[in-house]
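Undergrad: Structure provided below as structure tokens; questions to follow.
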Amino acid sequence: YIEDLRTATEIPVEFSAEITLHFHAKDADDFAANLLKEKRELSYEELAGVLGAEVRYAVENLCNTSTIEDLVKDPQRRLHAENVLHETLDPALKRFGLELVRVGAADFGGDAFEELRAQAGEMEIKWREMEIKRREIEFGERMRDLLAGDKMHEFKGESDLAEYVAQIAQEKQVSDKLREHELARLVQVQRNELDREDASFAMAREQEQAAHQIGIKIQWDSYTSEKLQKDAKLQDEIERMRISREYDEAMGALKLREIKESNRAKSLREKADIMKGKSAEEMLSLVDDPEQRDQIVKLATLTQQKDMTPEQILATLAASSSSAAQALTQMSMAQKDEAHKMLAEYKQLHSDNADRDERMLLRVAEIMAVAAKRTDQPPTQQIFK
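The sequence shown begins at 1271 in this note's numbering and counts up one residue at a time.
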């Protein structure tokens, strides 16, 4: 199990595989000298730690040259990982006195894989269908590998062959029906009832169909590729599958978009309910997006300005706006001029009133003087204007 691998787009992934080892007593000296050393026993975790660097080296390049979609969908990449692991680990294990029997169950995982499935939402069924087809193709490729070279002769009998097929079928998690189908074909080849080349092409044909159903392309050898291209019936079936797959993908994309929009609208409604009745400070504490925070600040400013005078609004904006500061200065100057004008008018009015009061007082004094001289006569009635 290896963590912290990176895809071509720098997405972190994890890799796991099953490795079957065989210890031979005749190689005990190598095991003791190079692996056990001064220890009395070796745990599984310690052995995995020793092999970890070799495994990482083997699969790192494959990850670095693949997108996460490639690793999810492409069965040949898993098979390639198993083959590379076998080639890399075999000489290393021999130094430790161990024989590498087989490498299997290679798989990629991690949070990014789960995120892709989560994004699919109701499309999860499509992911499951794709996984099934991918594993069927991997299983078929391993069965087809048996027909290459002299690998079929490595099995002593049909029971050994059946045991191996069952082991690969369990590892790839394929159906019993497919396992029995491939085993029956291999047994026919073993009995010389079916030509090896014909069986190999029949397997390739079935895998090509399965690959087109999930939209992947298998890299065949030139001979097999040419035969597949010349198979008119197969090409017709592939074209029908292509049209059907593209339609399903288009409808799936629309459905996924609908789900995303629905989830987005729901999220906005929930956020609006949370924000309802909150102060600007409380809303800012709940929001991380810079653009949304800026909008909240602007809204709070507008709300505050609703009950402010023009002068107060300009004074608030003057700190961040040169135009507002200039307008505030102009308004202050205009207000100052208006105040000077009003003061001058007040002084003029006050001066006029003072002159009028003085004249009135002089006139009253004159009347009182006349009245004092004529105490025997009633005072003259005088109307002031």
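All C-beta atoms, glycine included, are put in the ideal place defined by N, C-alpha and C.
Is it buried or exposed, Asp1558, if we count other Cβ atoms within 10 angstroms and call 16 or more buried?
TA: Its Cβ having fewer than 16 others within 10 Å, Asp1558 is exposed.
Undergrad: In angstroms with no decimal places, state the Cα-to-Cα distance between Leu1299 and Gly1374.
TA: The amino acid occupying residue 1299 in the given sequence is Asp; Leu does not appear at that position. Computed Cα separation, rounded: 28 Å.
Undergrad: Is the Cβ-Cβ distance between Arg1449 and Ala1469 less than 7 Å?
TA: Their beta carbons are not under 7 Å apart, which means Arg1449 does not touch Ala1469 by this criterion.
Undergrad: Check for me: the alpha helix (DSSP H) holding Ile1484 runs from which residue to which?
TA: Taken as a continuous stretch (DSSP letters only), Ile1484 belongs to no alpha helix (DSSP H), as it is neither H nor E.
Undergrad: Kindly indicate which three-state DSSP category Asp1381 falls into: helix, strand or coil?
TA: Correct three-state label for Asp1381: helix.
Undergrad: I want to know whether the region 1307–1323 touches the region 1332–1340 - three or more CB-CB distances under 8 Å.
TA: Cβ pair count under 8 Å is below three, so no.
Undergrad: In its own chain, which residues sit with a C-beta less than 7 Å from the C-beta of Asp1344, not counting the 5 before and 5 after it?
TA: For Asp1344, where only same-chain residues beyond five positions count, the Cβ hits under 7 Å are Ile1486.
Undergrad: Compare the C-alpha of Asn1353 against each of Trp1490, Ala1376, Leu1305 and Ile1484 and name the closest.
TA: It is Ala1376.
Undergrad: With a CB to CB cut of under 7 Å and the five nearest residues on each side skipped, what residues in its chain are close to Asp1465?
TA: No residues qualify anywhere along the chain.
Undergrad: Quick one: residues in its chain with C-beta nearer than 6 Å to the C-beta of Ala1362, no 5 flanking neighbours on either side, listed in chain order?
TA: Correct list, in chain order: Glu1324.
Undergrad: Would you decide whether Gly1322 is buried or exposed? Buried here means 16 or more other CB atoms lie within 10 Å of its CB.
TA: Exposed.
Undergrad: What three-state label does DSSP hand Val1557 in the structure shown?
TA: Here Val1557 sits in coil by DSSP.
Undergrad: Determine whether the beta carbon atoms of Ala1328 and Thr1290 lie at a separation below 7 Å.
TA: The answer is no: Cβ separation not under 7 Å.
Undergrad: Does the separation of the CB atoms of His1423 and Glu1369 fall below 7 Å?
TA: Not a contact, by the Cβ cut-off of 7 Å.
Undergrad: Can you tell which of Cys1333, Glu1408 and Lys1421 has its C-alpha closest to the C-alpha of Ile1272?
TA: Answer by Cα proximity: Cys1333.
Undergrad: What are the complete alpha helix (DSSP H) segments, minimum 4 residues, inside the region 1418–1483?
TA: If we require 4 residues or more, the alpha helix (DSSP H) runs fully inside the region 1418–1483 come out as 1428–1442, 1446–1460 and 1466–1483.
Undergrad: Of the choices Ile1438, Glu1467, Ile1407 and Gly1367, whose alpha-carbon is the least far from that of Ala1481?
TA: Measuring from the Cα of Ala1481, the nearest candidate turns out to be Ile1407.
Undergrad: Taking the alpha carbon of Arg1438 as the reference point, which residue from Leu1349, Asp1491 and Lys1426 has its own alpha carbon closest?
TA: Contrary to the premise, residue 1438 reads as Ile rather than Arg in this sequence. Answer by Cα proximity: Leu1349.
Undergrad: On the three-state DSSP scale, how would you describe Ser1549?
TA: DSSP places Ser1549 in coil when its eight states are reduced to three.
Undergrad: Around the C-beta of Ile1544, are 16 or more other C-beta atoms found within 10 angstroms, so that it is buried, or is it exposed?
TA: Under this definition Ile1544 is an exposed residue.
Undergrad: Would you kindly work out how many angstroms separate the C-alpha atoms of Ala1472 and Arg1405, rounded to a whole number?
TA: Distance between the alpha carbons of Ala1472 and Arg1405: 18 Å.
Undergrad: Can you tell me the Cα-Cα spacing of Leu1306 and Ile1402, whole angstroms?
TA: About 41 Å.
Undergrad: When burial is assigned at 16 or more other CB atoms within 10 Å of the CB, is Lys1309 buried or exposed?
TA: It is exposed - the Cβ of Lys1309 has fewer than 16 other Cβ atoms within 10 Å.
Undergrad: On a CA-only basis, which of Arg1461, Gly1427, Asp1430 and Leu1275 is nearest Asn1331? Give me that one, please.
TA: Ranking the options by Cα distance to Asn1331, first place goes to Leu1275.
Undergrad: Is Val1457 near Glu1428, with beta carbons less than 7 Å apart?
TA: Cβ atoms of Val1457 and Glu1428: closer than 7 Å.
Undergrad: Just how far apart, CA to CA, sit Lys1296 and Gly1319?
TA: Rounded to the nearest angstrom, the two C-alpha atoms are 24 Å apart.
Undergrad: Is it true that the CB of Leu1417 sits closer than 7 Å to the CB of Phe1425?
TA: No, they are not a contact pair.
Undergrad: Is it buried or exposed for Glu1478, if we count other Cβ within 10 angstroms and need 16 for buried?
TA: The residue in question, Glu1478, is buried, as its Cβ has 16 or more Cβ neighbours within 10 Å.
Undergrad: When you compare each of Glu1399, Lys1421 and Ala1474 to Gln1443 by their alpha carbons, which one comes out closest?
TA: When only C-alpha atoms are compared, the closest one is Glu1399.
Undergrad: Among residues of its own chain, excluding the 5 on either side of His1620, which ones have a beta-carbon nearer than 8 Å to its beta-carbon?
TA: The pLDDT assigned to His1620 is 47, lower than 50, so where the model puts this residue is not dependable; a value taken from the coordinates is nonetheless given after this. Cβ within range, chain order: n/a, list empty.
Undergrad: Would you mind stating whether Phe1285 and Gly1367 have Cβ atoms separated by less than 7 Å?
TA: No.
Undergrad: Just tell me which of Arg1414, Val1435 and Glu1463 has its CA closest to the CA of Arg1475.
TA: Selected option, being the one with the closest Cα: Arg1414.
Undergrad: So for Thr1358, helix, strand or coil by DSSP?
TA: Three-state result, Thr1358: helix.
Undergrad: Is the Cβ-Cβ distance between Asn1304 and Arg1365 less than 7 Å?
TA: The answer is yes: Cβ separation under 7 Å.
Undergrad: For Gly1410, which residues from the same chain have a beta carbon less than 6 Å from its beta carbon, with the 5 sequence-adjacent residues on both sides left out?
TA: Contacts found: Met1473 and Gln1477.
Undergrad: Which residues bound the alpha helix (DSSP H) around Glu1339?
TA: Counting along the chain, the alpha helix (DSSP H) containing Glu1339 begins and ends at Ile1338 to Lys1343.
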